[in-house]
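Structure first, then comments.
Residue numbers (this note's numbering): 8 to 257.
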């Protein structure tokens, strides 16, 4: 499915989707360059509460997931498309249409048109149980991930997160680094920053307001953290995004 026409799919994609429908616990999706869904197999549609592909095509993760998680999924899409390299077995907590969370391993690959330009991505989600891994260690952190997703705009203390997982603060830090390769505080900051990117792109809210809504205690702190993350100030990011009609880096 990597060499596609300008529309992103074709007869080959249709045949592949039919093949994946024979694997009821494997979720396949295809997105365009703007991370909008263009195809999905039956398992993916069922998990997201869609009765047919018509209800998913043209939508994005923001139509199905909390903004903080959706921002991370879309930011990851952008990294895969920019690098032109696949991402293999990334652990993600994904909620279904009822809000029930489940841990998956996600693999994403960039898709190319006939000219060799990136046209989108294709991805596969596999439940941990199906992937042959022990999900218990990830499930223990589910309350932590959910809390950060829902409360990123407020003060979040590592000790409070540790209690949600019935761990000490040092144990939580070790588990986070082992499973995700990142500290708890860095994870919280990443969620705040990817959510801020979306707010800067999609709203006219003042930068100070975006900073407060995303959990930064002042605009100066936000600007410094944002520049370290994106390589430019929030204002420069917003101006570049709008100047490029939505094609700049997430």
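Even glycine gets a Cβ: it sits at the ideal position worked out from N, Cα and C.
| Query | Result |
| --- | --- |
| Helix, strand or coil: how does DSSP classify residue 111 here? | strand |
| Go to residue 198, then tell me how far its alpha helix (DSSP H) extends in each direction, as first and last residue. | 191 to 209 |
| Looking at the strands, I want to know which residues DSSP matches up with residue 35. | 131 |
| Within the chosen definition, does the stretch 169 to 182 reach the stretch 68 to 75 through at least 3 CB pairs nearer than 8 angstroms? | no |
| Suppose the cutoff is 7 angstroms on Cβ atoms and the five residues either side in sequence are ignored; what does the same chain contact list for residue 147 look like? | 172 |
| Express the C-alpha separation of residue 61 and residue 133 in angstroms, rounding to a whole number. | 23 angstroms |
| With three or more beta-carbon pairs closer than 8 angstroms as the criterion, would you say the stretch 115 to 129 touches the stretch 176 to 186? | no |
| I'd like to confirm the pairing. Which residues does DSSP put opposite residue 87 in its beta bridges? | Note: residue 87 sits in no beta bridge, so no partner. |
| Go ahead and label residue 235 buried or exposed: buried means 16 or more other beta carbons lie within 10 angstroms of its beta carbon, across all protein chains shown. | exposed |
| Quick check on the DSSP output: the alpha helix (DSSP H) that includes residue 218 runs from which residue to which? | 214 to 220 |
| Looking at C-beta atoms only, is the number of pairs between the stretch 189 to 197 and the stretch 146 to 163 that lie closer than 8 angstroms three or more? | yes |
| Give the range of the beta strand (DSSP E) segment to which residue 45 is assigned. | 44 to 47 |
| By a C-beta neighbour count over all protein chains shown, 10 Å radius and 16 as the cutoff for buried, is residue 222 buried or exposed? | buried |
| At the level of alpha carbons, what is the spacing between residue 68 and residue 87? | 16 angstroms |
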